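Have a look at the structure below before the remarks.
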Amino acid sequence: MHRSASRLTRILACAAVPVMLVVAGCSSDSGSKKGSDGSSSSAPGAKKSVAALEPAKFAELPDPCKAISAKTITSLVPKAKSKAGSPATSSDTSVRAGCSWNGLDDNGVKGSQYRWLDVGLTRFDSDQALGTGAKRAGDDFTKQLAKTRTAEGAKKIIEAPVSGIGEQATKVTYDLSKTGEDFKYATIVARTGNVVVTLTYNGAGYAGAKTPSGADILKDAEKAAKEAVAAVADANATADDKQSSPSASPSKSAKSSN
């Protein structure tokens, strides 16, 4: 009788609590299975959650023909056929865009100087199957460098990292002979967030004119590349960002005159 009374007491105790508690505490099967070692495992139907990817930093690309200032274009390509530049063909300029300038500065009997400048911009979105925008841009950064290294006919190729241009940048310089003249080339490949900037600048002297200095060509290429990288950030700046920038704040003289 004592055992029966004790068993009846336990049954009534479970019956007296809410249904949810009965399921959790009075049932021996809570939806999980125990292995032979006593450990529990999730139900077969449970799905693993997929970690969210870091969103891409930049959603837009700047107008490539305005990514480099008119002042810089005038300096690097003095007699450009078109100061506005020639945009590259693209099916989606928010993902891939480019622009180029070229011109011949004719100095008569002293010869002529030819210059060519090209900038290419490629943006990558974050993709669950392909990775973050930054990772994809990093992969493209490597590919662009590989293309530059294997330029047909290139001689005296020198490659080195560059600081102060985006999050990572590399410069590649080389000599190339074409149209009977010696050209000096400089290419800067840079990554800023999820965007890759590839800028190439080259020049040659015609009709007896002196071949430009490789150091000067590189210096000018780096200057233009910095402007292109900055243009990416400017194209994605919000109205608040632009208003809070130093250039947007009133000058001391303006304040004092009020």
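Taking the numbering used here, the leading residue of the sequence shown gets -10, the next gets one more, and so forth.
C-beta: ideal position from N, C-alpha, C; glycine also.
All values derive from a computational prediction rather than experimental measurement.
Where residue i falls, given that 16 or more other Cβ within 10 Å makes a residue buried
i: Q117; result: exposed
i: P44; result: exposed
i: T63; result: exposed
i: A210; result: buried
i: E221; result: Inspection of the sequence shows that residue 221 is occupied by Val rather than by Glu. Result: buried.
i: C15; result: Low per-residue confidence applies at C15: pLDDT is 43, beneath 50, and the placement is therefore not dependable, though the value from the model is reported in the following sentence. Exposed is the call here.
i: T137; result: buried
i: T78; result: exposed
i: K46; result: buried
i: T168; result: exposed
i: S21; result: Note on S21: pLDDT 47, under 50, position unreliable in the model; no value is reported.
i: T227; result: exposed
i: T189; result: buried
Beta-carbon proximity list for residue i, same chain, < 6 Å, skipping 5 on both sides
i: I147; result: T162
i: G155; result: A179, R180, T181 and V218
i: G109; result: G87 and T187
i: P76; result: C54 and C88
Sub-7 Å separation of residue i and residue j beta-carbons
i: A149; j: I177; result: no
i: V185; j: D95; result: no
i: A158; j: V151; result: yes
i: L50; j: T121; result: no
i: G192; j: G100; result: no
i: V84; j: R125; result: no
i: Q102; j: A40; result: no
Cβ shell of residue i (< 7 Å), same chain only, five flanking positions each side left out
i: G74; result: C54, C88, S89 and W90
i: G127; result: R180
i: K254; result: Residue 254 cannot be examined here, being either before or after the span of the chain that is shown, -10 to 247.
i: K68; result: G92, L93 and D94
i: S115; result: L42, E43, P44, A45, T121 and G122
i: I57; result: V108, A213, E216 and A217
CB-CB length for residue i against residue j, believed under 8 Å
i: L165; j: A143; result: 6 Å
i: L65; j: L106; result: 6 Å
i: L119; j: K160; result: That belief does not hold up - the Cβ atoms of L119 and K160 are roughly 28 Å apart, past 8 Å.
i: N225; j: A59; result: Going by Cβ atoms, the distance from N225 to A59 rounds to 22 Å, so no, they are not a contact pair.
Closer than 6 Å: residue i CB and nearest the ligand GDP heavy atom
i: V184; result: Only the bare structure without any ligand can be found here, which leaves the ligand GDP out of the picture.
Beta-carbon proximity list for residue i, same chain, < 8 Å, skipping 5 on both sides
i: S236; result: Because S236 carries a pLDDT of 48, less than 50, the predicted location of this residue cannot be relied on, and the following value inherits that uncertainty. Correct list: empty, nothing qualifies.
i: N183; result: A45, K46, F47, R112, F113, D114, S115, T121, G122, A123, R125 and A126
i: S71; result: W90
Decide yes or no for the touch test of the segment 188 to 202 against the segment 167 to 175: beta carbon pairs closer than 8 Å, at least 3 of them. yes
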